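Residues in the sequence shown are numbered consecutively from 17, following our numbering. Yeah, the Cβ is synthetic: ideal placement off N, Cα and C, and Gly gets one too. Nothing here was measured: the structure is a model prediction, and the numbers come from that model. Report on the structure given below.
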Amino acid sequence: MTEDLQNITLYTERLTLRPVILEDTDWISVRSHDYEIAKMTLSIPYPQTRANVLRFLQEWISQAKEGTDYIFAIINTQPCGLIGLDNIANGTAELGYWLSRKSWGLGYATEAAKAITAFGFSTLGLDQITAGHFIDNHASARVLEKVGFHYTGEICHLVSAARKTEVHCKQMILKQEGGG
Ligand SMILES: CC(C)(COP(=O)(O)OP(=O)(O)OC[C@H]1O[C@@H](n2cnc3c(N)ncnc32)[C@H](O)[C@@H]1OP(=O)(O)O)[C@@H](O)C(=O)NCCC(=O)NCCS
């Protein structure tokens with residue numbers, strides 16, 4: 017089952033979501049080297065480095081084999097970002113994503129997030145998916161709302177690799193339809 021899942025490709029109206037591969041290193045290194053992207057994520061450093069991207073890709077590919085993380089390249093005519101479910105355990109996973117700046121404002125994040133949450137519930141059999149956004153990340157808040165997430169009321173204090181400081185993060189959750 018995990019063997020098949022690590023190769024699964026998802027299709028939406030405008031996007032292809034395919035599992036990341038080591039050959040993605042170069043475009044990810046270039047497109048994620050952007051402070052406006054990095055500052056809204058937990059783990060993208062600024063400056064970004066090729067070695068860091070390669071290390072993450074190696075981890076993600078091995079974690080997909082174990083069924084704990086599924087990270088996809090978001091492709092329109094070209095690769096434009098990443099989206100994934102990680103820390104999969106006990107029916108729960110965390111959603112994360114970023115898009116290169118020239119692809120913002122086109123509805124791609126919402127389209128990709130709807131597809132990957134559907135994959136999480138219907139194919140992975142998850143009960144719930146969590147996501148967090150930094151308090152100043154209004155675009156991501158809106159994406160999560162449009163996908164159906166709601167606030168848990170929990171606020172975490174997490175260190176952003178790019179900002180190198182603690183940032184308040186609002187937690188959101190999406191439950192499987194029909195679930196509790
Ligand atoms: C967050 C991100 C993925 C959004 O991608 P996107 O493809 O532009 O998102 P969508 O087009 O699907 O939706 C964005 C929504 O946010 C809204 N929005 C954008 N900037 C906003 C702002 N500053 N304030 C309020 N709403 C904003 C848009 O109007 C849109 O909502 P609408 O459809 O109701 O008009 C992209 O901005 C990004 O990669 N940011 C940096 C990394 C990041 O934040 N990752 C998520 C970490 S939690």
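*Grouping DSSP H, G and I as helix and E and B as strand, with all else coil, what is Gln187?*
strand
*Where do the N-terminal and C-terminal ends of the beta strand (DSSP E) with Arg117 fall, by residue?*
Careful: Arg117 lies outside any beta strand (DSSP E) and carries neither H nor E.
*Of all the CB atoms in chain C, is at least one closer than 7 Å to the CB of Gly100?*
The chain labelled as chain C is not found in the depicted structure, where only one protein chain is given.
*Might you give, ordered along the chain, the residues of its own chain that have their beta carbon closer than 6 Å to the beta carbon of Ala177, omitting 5 neighbours on each side?*
Ser59 and Pro61
*With a cut-off of 8 Å on the beta carbons, I'd call Gly97 and Tyr113 a contact; round off their distance for me.*
7 Å
*Does the distance from the CB of Leu38 to the CB of Leu73 come in under 7 Å?*
Going by C-beta atoms, Leu38 is nearer than 7 Å to Leu73.
*Please confirm whether any heavy atom of ligand 1 lies closer than 6 Å to the CB of His166.*
no
_Quick check on the DSSP output: the alpha helix (DSSP H) that includes Ala155 runs from which residue to which?_
His154 to Val163
*Can you tell me whether Arg47 is buried or exposed, with buried defined as 16 or more other CB within 10 angstroms of its CB?*
buried
*Quick one: Cα of Lys191 to Cα of Leu31, how far?*
One C-alpha to the other measures close to 24 Å.
*Would you call the CB atoms of Ala89 and Val163 closer than 7 Å?*
Taking 7 Å as the Cβ cut-off, Ala89 and Val163 do not qualify as a contacting pair.
*Flag this pair as yes or no: are the beta carbons of Leu174 and Ile145 separated by less than 7 Å?*
no
*So does Gly121 have its beta carbon nearer than 6 Å to some heavy atom of ligand 1?*
yes
*asked:* Starting from Leu101, trace the beta strand (DSSP E) in both directions and tell me its first and last residue.
replied: Pro95 to Ala105
*Phe150 and Cys172 closer than 7 Å at C-beta*: no
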